[in-house]
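Enquirer: If you scroll down you'll find the structure; I have some questions about it.
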């Protein structure tokens, strides 16, 4: 069993790197990848840890990085990244500092808009400079503490599902909308950079994006970039969605991946390795590329 989509406390997860290793061992996972948002800090920490003391399986170096395609924010999972090349090129290695500054600006915007529409929240919430955090996650966690905010959000046609980021910050029809087109790299640019650091690029959780036709959108990315694969197995996909993505991979000769999107206590319904209960991705799914890079 494998899990190639895991977040530690170096981004928006709550488990430390060692806690993830211990849990992966307890769950008998053969292969894992810690894929923090726009950060490879977990792997810098792993360089100073006796990994085999906690986990006997294989670890694939990875990261989940924000990007834009056709004005739609998406995430690209980079796997088998060569850490030495990443440090030499500095592109991926410096994303965290760049994006932390952007998220500080975003949080300021969300607070200002929240005050304008009358939301109740603690104005002292902030972006922690020691970890990669998203302003939308911090803001959503805060405003959900106050039941009276629900009616205010409804009056402004704002939902919290699947999350505040997708439903409000990325939605041009809400007052919280932030245009991210010019803030983050285009998908092609990011994929090229992942390849230059020796890695493979996979589109993360395609069905999570607010699209009218997901498969058509994904095929556009495939046809216009050097994408290596798709995250076909995911905690919140239906069986039909997974099968449609696998079919697309076979059609375009792409690699297949999958993971839970584990966040620890920040996503209690999602367990390492099994997602919402029955994910169980077999190691054979990644046999074609597990030891490959660019």
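Residue numbers (the working numbering): 119 to 412.
All residues carry an ideal CB built from backbone N, CA and C; glycine is no exception.
1. Start and end of the beta strand (DSSP E) containing residue 414?
2. Taking residue 349 as part of the beta strand (DSSP E), name the residues at either end of that continuous run.
3. Kindly indicate the opening and closing residues of the beta strand (DSSP E) around residue 121.
4. Mapping DSSP to helix, strand and coil, what is residue 197?
5. Given a cut-off of 8 Å, decide if residue 186 and residue 305 are closer than it, judged by their beta-carbon atoms.
6. When you compare only the Cα positions, how much space is there between residue 265 and residue 233?
7. Going by beta carbon distance, what residues of the same chain come within less than 7 Å of residue 298, once the five residues before and after it are set aside?
8. When DSSP labels each residue in this structure, what does residue 373 get in the three-state scheme?
9. Comparing C-alpha positions only, which one of 328, 199 and 380 sits nearest to residue 284?
10. What are the start and end residues of the beta strand (DSSP E) that includes residue 321?
11. Rounded to a whole number of angstroms, what is the C-alpha to C-alpha distance between residue 316 and residue 292?
12. Between which residues of its own chain and residue 311 is the CB-CB distance below 7 Å, once the five residues before and five after are set aside?
13. Please determine, among 166, 142, 176 and 161, the residue with the shortest C-alpha to C-alpha distance to residue 408.
14. Can you tell me where the beta strand (DSSP E) holding residue 149 begins and where it ends?
15. Using DSSP bridges, identify the partner residues of residue 231.
16. Below 6 Å CB to CB, which residues in the same chain sit around residue 205 once its five sequence neighbours on both sides are set aside?
17. Could you compute how far the alpha carbon of residue 256 sits from the alpha carbon of residue 296?
18. Would you call the segment 196-203 in contact with the segment 227-245, where contact means no fewer than 3 C-beta pairs closer than 8 Å?
19. Going by the beta-carbon positions, is the gap between residue 318 and residue 412 smaller than 8 Å?
20. Could you check whether the segment 344-352 touches the segment 164-184, counting it as contact only if at least three pairs of C-beta atoms, one from each stretch, sit closer than 8 Å?
21. Comparing alpha-carbon positions, which option in 357, 336 and 322 lies nearest residue 181?
Expert: Let's see:
1. Nothing can be reported for residue 414, as the shown portion of the chain is limited to 119 through 412.
2. The continuous beta strand (DSSP E) containing residue 349 extends over residues 347-352.
3. Looking at the DSSP string, the run of the beta strand (DSSP E) that includes residue 121 is 120-124.
4. Strand, per DSSP.
5. Yes, the Cβ-Cβ distance between residue 305 and residue 186 is below 8 Å.
6. If you take the alpha carbons of residue 265 and residue 233, they lie about 16 Å apart.
7. The residues are 186 and 191.
8. Assigned with DSSP and collapsed to three states, residue 373 falls in strand.
9. Considering only alpha carbons, the answer is 328.
10. For residue 321, the enclosing beta strand (DSSP E) begins and ends at 318-321.
11. Taking the straight line from one Cα to the other gives about 40 Å.
12. For residue 311, same chain residues with a beta-carbon under 7 Å away, outside a window of 5 residues either side, are 209 and 210 in chain order.
13. Residue 408 has its Cα closest to that of 176, out of 166, 142, 176 and 161.
14. It spans 149-152 - the beta strand (DSSP E) in which residue 149 sits, taken as one unbroken run.
15. Note: residue 231 sits in no beta bridge, so no partner.
16. Excluding residues up to 5 positions away in sequence, 211 lie with their Cβ nearer than 6 Å to the Cβ of residue 205 in the same chain.
17. Their Cα atoms are separated by approximately 16 Å.
18. Contact annotation: the segment 196-203 does not touch the segment 227-245, with fewer than three C-beta pairs closer than 8 Å.
19. The beta carbons of residue 318 and residue 412 sit closer together than 8 Å.
20. Flag = no, the segment 344-352 and the segment 164-184 do not touch.
21. Among 357, 336 and 322, the Cα nearest to that of residue 181 belongs to 322.
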